[in-house]
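Written below as structure tokens is the structure these notes are about.
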Amino acid sequence: MSDVVKTFGSTRALDGLDLEVETGEVHGYLGPNGSGKTVTIRVLLGLLRPDSGRSEMLGGDPWHDAVDLHRRIAYVPGDVNLWPNLSGGEIIDLLARLRGGVDPRLRDELVERLQLDPRKKSSTYSKGNRQKVALVAALASHVELLLLDEPTAGLDPLMESVFQSCILEAAAEGRTVLLSSHILAEVETLCDRLTIIRHGRAVQHGTLAELRALTRTSIAVATNRPIERLDSLAGVHNIRTDDGAVRFDVDGADLDGALRHVTSFGVRSLVSRPPTLEELFLRHYDDDLATDQPSNSTP
Amino acid sequence: MTATAERLPVAHRRSPRRPAQDRLVGVTQLVRLVLRRDRTRLAIWVGAIVGIVVASEASITGLYDTQAELDQYGALVRDNAALIVQAGPGYGLDDPTTGAVLMNELSIWTIITVAVMSIFMTVRHTRGDEETERAELVRAAPIGRHARLAATLLGVFVANAVIAIGVVLSLLAYDLPTMGSLAFGSALLLAGVLYAGVAAVSAQVASSARSARALAGAVLAASFVVRAVGDVRGGTLSWLSPLGWAQGIRAYADERWWVHALTITATVLLVVGAVTLEARRDFGAGLVPQRPGRASAAPSLRTPLALAVRLQRGALIGWIVGVALISFFYGIVADQAESIIEDNPDMADFFAQLGQASITDAFLATSVLMLALTASGFTIASMLRLRTEEAAQRADFVLATATTRARWVWSHALVAAAGTVILMVVVGASLGAGLALMTGDLGHVPRLVAASAVMVPAMLVLASATLAICGLAPRWSITAWGMLAVAVVIGLLATLLKLPHWLVMVSPFTHVPPIPAAPFELLPLLLLGATAALITAIGLGAYERRDIS
Ligand SMILES: Nc1ncnc2c1ncn2[C@@H]1O[C@H](COP(=O)(O)OP(=O)(O)OP(=O)(O)O)[C@@H](O)[C@H]1O
Ligand SMILES: [Mg+2]
């Protein structure tokens with residue numbers, strides 16, 4: 007997708023969004039509430055018609071070629087509403103058949119693994135169980151692309167791990183996955199690359215390692231001689247001294263220069279901590295934090 | 003803990019309180035919430051009901067302004083079984099006053115309308131809410147177990163009271179006697195609250211809001227039939243029907259106030275029943291338990307159409323049983339209509355004015371129209387599934403598979419259309435069967451099936467208009483019901499309200515030949531069919547272009 011705009015009245019839900027998911031990868035899609043993740047996925051499903059911009063999915067246009075594309079994709083919504091008087095099993099079969107076919111062996115295996123009782127009427131399912139129905143329906147047919155919108159909301163930790171192994175298997179089979187999520191650990195385990203969206207724009211994308219490199223590493227170092235001219239180095243911030251150690255944060259790109267400089271003063275001990283995913287995120291989630299740091303964006 | 007406790011209503015703080023009161027904590031706020039959420043709907047109901055009452059008063063007082071005219075009306079209508087079925091026992095028509103005539107023309111429809119309003123409102127705020135996450139939010143707040151039910155019933159009471167006051171004021175404005183006006187107003191109020199009680203019980207028993215409405219609606223339909231049979235057969239049976247009680251107050255005809263005691267007692271029993279049942283059942287579940295379903299789908303459940311059929315099957319069966327019973331009953335009484343003409347020369351004149359048709363045929367034609375308007379309730383509800391499915395985001399699931407929008411829209415449209423045809427064939431066949439039972443002439447069956455079937459094109463116009471509304475302005479889909487209400491008013495009250503010609507022509511039913519009272523005509527049916535096709539195309543076009551959300 008490139009430069010996609012979608013407005014609802016005066017709300018600009020997508021405001022020039024660029025998103026690229028490569029074939030065969032698990033792509034994490036992150037962003038604060040209301041940033042436009044669900045809208046993006048609904049545009050990709052051809053349910054919403056973007057105001058402008060270009061989008062392409064599996065070589066087709068999501069709006070015009072919806073039906074052909076839909077045979078090759080499966081979708082799990084964030085809010086799963088099912089037909090109250092159909093049983094879970096019926097819904098799974100129906101959706102898979104509407105898509106073009108169900109693999110009964112795979113379906114039964116998934117039902118088993120996710121511990122879903124397919125005979126219950128869906129009005130009596132709990133939230134987590136409704137989610138499971140949607141997951142089984144999506145995973146039970148061999149599609150090329152999975153569009154998952156917060157698919158694990160409501161799953162217990164055990165089921166969450168079953169879900170993760172299902173996705174890893176899907177990825178191993180060469181399927182592409184777009185996974186919108188708020189659960190960082192899940193993204194960290196599953197995703198090859200990720201995109202962070204804010205106010206309808208992609209603010210960062212790349213592999214986890216790339217994103218880490220873009221962020222500051224915290225260094226705590228004790229040296230034989232006091233470090234001179236540290237504050238004049240490029241990319242070094244937040245210098246403070248305590249217990250004889252100097253602590254500072256350094257931009258990923260300037261890490262090498264900073265370390266060379268520091269070692270020339272005789273390092274006694276050095277602790278470096280890479281940014282956690284949380285830190286990566288919170289920068290983009292929180293307005294104040296985001297403005298106080300330089301905005302890095304890979305091309 | 004202390005921080006939150008500060009903000010909770012005073013009533014919630016731990017203090018020695020009687021448990022009975024605890025169960026009602028929060029009622030006041032909830033009543034306000036109920037009325038606030040319904041303010042637009044209520045304004046429409048109140049406006050429509052009071053408006054029609056006022057228009058009828060204007061019309062009746064204008065039409066029958068001398069005693070001679072009133073006497074003539076009484077002579078025509080009294081003892082006419084067919085009209086008694088439709089309107090009621092006709093209290094006071096032996097010595098008719100304007101009030102008595104007005105009650106005969108108007109009272110039963112007004113009572114049924116407030117009952118329907120009360121049923122919808124009660125189910126929406128009890129069972130209907132439980133199907134959304136809303137009620138759980140409310141329930142999780144410091145709110146007593148029965149507070150929601152109590153608040154709903156109070157809200158319905160207020161709504162009915164506003165209508166009753168409006169009606170009484172309008173009656174007094176037309177110089178009708180104070181006692182009779184108060185009697186009718188209070189009967190309306192109490193009948194509305196009684197059916198709210200019926201709906202409250204249904205809401206506990208049924209397994210979904212939809213079936214709760216159906217159950218309460220069935221009770222209302224049964225009340226109508228019981229009272230109609232009772233009124234024709236001298237009145238005893240009518241004492242078993244709340245509609246019979248509401249009319250039994252005899253407004254403007256030597257009022258019997260004690261009849262209210264029956265309504266009030268029944269209402270109290272219903273409310274106590276609902277509260278008892280509510281205390282026993284789980285949140286979100288009915289008393290009738292859900293049976294486990296199939297572990298995998300039947301082989302036939304593989305198309306959007308199969309899904310639409312599956313979703314609407316239950317509702318359609320309910321409608322079929324309902325209209326079959328009412329139609330059969332109308333068929334039985336139609337025969338009695340005939341006997342009246344022989345010993346009542348006035349009656350002969352009356353129907354001579356209607357044209358060449360026999361009294362039975364005129365009655366049958368009116369019945370077919372009324373039943374078609376009733377069955378249109380299915381047509382519209384079925385078509386509105388498009389909107390419900392979309393709003394509940396279930397449409398997303400289907401549209402995210404290899405299903406085109408057109409195919410999805412057609413799946414529901416076909417169910418609505420086919421269901422309509424089935425219902426009208428059932429109406430005709432049951433009407434004919436009832437009449438055949440009395441006359442021994444099976445020839446009535448095909449004749450009445452034809453009479454009912456010609457209504458289908460008009461009903462399809464309503465269906466297509468509903469589709470178009472859902473396609474063009476999904477947020478306004480509820481106005482489809484307004485369309486039906488207009489068709490009902492035009493179809494049944496056009497003469498009474500002296501509606502202008504152009505307005506009457508708006509209703510598709512106006513253009514249907516009233517068989518068997520008039521000969522068959524093909525052209526209007528073709529035109530109605532073409533209109534429906536055109537509107538459907540517009541609706542489909544809109545669906546192809548717009549966002550699904
Ligand atoms: N149908 C709609 N009509 C109007 N506004 C909408 C509609 N759908 C989405 N929006 C708006 O678009 C914005 C993006 O919403 P979206 O649902 O994509 O957020 P999200 O990133 O999925 O958030 P969450 O993490 O909470 O799921 C929000 O401001 C939302 O209010
Ligand atoms: Mg979302």
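Those protein sequences? They're chains Z and Y, same order as listed. Okay, so the first sequence: first residue is 7 according to our numbering, each after it adds one. Okay, so the second sequence: first residue is 3 according to our numbering, each after it adds one. We put the CB at the ideal spot given by N, CA and C, even for glycine. Bear in mind the structure is a predicted one, so any value in this text is a computation, not a measurement.
The three-state reading of DSSP puts residue 500 of chain Y in coil, since its state is none of H, G, I, E or B.
The segment 84 to 94 of chain Y makes no contact with the segment 152 to 169 of chain Y; the number of CB pairs closer than 8 angstroms stays below 3. The beta-carbon of residue 100 of chain Z is placed less than 9 angstroms from the nearest beta-carbon of chain Y. Within the same chain, and ignoring the five residues on either side of residue 529 of chain Y in sequence, the residues whose Cβ sits closer than 8 angstroms to its Cβ are 513. Of all C-beta pairs linking the segment 240 to 251 of chain Y to the segment 192 to 203 of chain Y, three or more are shorter than 8 angstroms, placing the two stretches in contact.
Within 10 angstroms of the beta-carbon of residue 128 of chain Y lie 16 or more other beta-carbons, which makes it buried. Residue 113 of chain Y and residue 273 of chain Y have their C-alpha atoms roughly 20 angstroms apart. Sequence-distant partners of residue 76 of chain Y (beyond 5 residues in either direction) whose C-beta falls short of 6 angstroms from its own C-beta, in its chain, are 95 and 98. Along the segment 113 to 128 of chain Z, the positions whose C-beta sits under 7 angstroms from a C-beta of chain Y are 124, 125, 126 and 127, read in chain order. Where residue 14 of chain Z is concerned, the enclosing beta strand (DSSP E) starts and stops at 8 to 14.
Residues whose Cβ lies closer than 7 angstroms to any heavy atom of ligand 2, listed in chain order: Z/43, Z/44, Z/84, Z/155, Z/156 and Z/186. Contact check for residue 125 of chain Y and residue 215 of chain Y: beta-carbon distance about 5 angstroms, within the 8 angstroms limit, so the pair qualifies. With fewer than three CB-CB distances shorter than 8 angstroms, the segment 28 to 46 of chain Y does not count as touching the segment 62 to 74 of chain Y. A distance criterion of 8 angstroms places the beta-carbon of residue 203 of chain Z in contact range of ligand 1, judged by its closest non-hydrogen atom. Rounded to whole angstroms, residue 477 of chain Y and residue 393 of chain Y show a C-alpha spacing of 9 angstroms. Looking at the DSSP output, residue 199 of chain Z sits in a beta bridge with Z/33 and Z/213. Interface annotation, residue 130 of chain Y: not in contact with chain Z, CB-CB separation never under 9 angstroms. Using a Cβ distance threshold of 9 angstroms, residue 467 of chain Y and residue 482 of chain Y count as a contacting pair. At a C-beta separation below 9 angstroms, residue 396 of chain Y has these neighbours in chain Z: 87, 88 and 89. Counting C-beta pairs with one atom in each stretch, the segment 221 to 229 of chain Z and the segment 44 to 64 of chain Z have fewer than three that are closer than 8 angstroms, which means they do not touch. By the neighbour-count criterion, in which 16 or more other beta carbons inside 10 Å mark a residue as buried, residue 148 of chain Y falls on the buried side.
Nearest neighbour of residue 28 of chain Y by Cα position, chosen from Y/465, Y/539, Y/151 and Y/180, turns out to be Y/151.
In this structure, the CA atom of residue 416 of chain Y is about 16 angstroms from the CA atom of residue 545 of chain Y. DSSP, reduced to helix, strand and coil, places residue 462 of chain Y within a helical segment of the structure shown. Think of a sphere of 8 angstroms around the beta carbon of residue 256 of chain Y: no beta carbon from chain Z falls inside it, the nearest being about 51 angstroms out. For residue 112 of chain Y, the enclosing alpha helix (DSSP H) stretches over residues 100 to 125. It is roughly 11 angstroms from the alpha-carbon of residue 314 of chain Y to the alpha-carbon of residue 381 of chain Y. Distances from the CA of residue 386 of chain Y to each of Y/519, Y/484 and Y/253 were compared; the closest alpha carbon is that of Y/484.
Within its own chain, the residues whose Cβ lies closer than 7 angstroms to the Cβ of residue 268 of chain Y, once the five positions on either side in sequence are excluded, are 196 and 244, listed in chain order. Residues of chain Y whose Cβ lies closer than 8 angstroms to the Cβ of residue 131 of chain Z do not exist, since the nearest Cβ in that chain is about 11 angstroms away. Between residue 134 of chain Z and residue 160 of chain Z, the gap from beta carbon to beta carbon is short of 9 angstroms. For the pair of segments examined, the segment 487 to 503 of chain Y was found not to touch the segment 439 to 455 of chain Y: the number of CB pairs separated by less than 8 angstroms stays below three. Checking the 8 angstroms criterion, the Cβ of residue 17 of chain Z is within range of a heavy atom belonging to ligand 1. For residue 148 of chain Z, the nearest beta carbon of chain Y is not closer than 9 angstroms to its own beta carbon.
For residue 507 of chain Y, DSSP records no beta bridge to any residue. For residue 152 of chain Z, the uninterrupted beta strand (DSSP E) segment begins and ends at 151 to 155.
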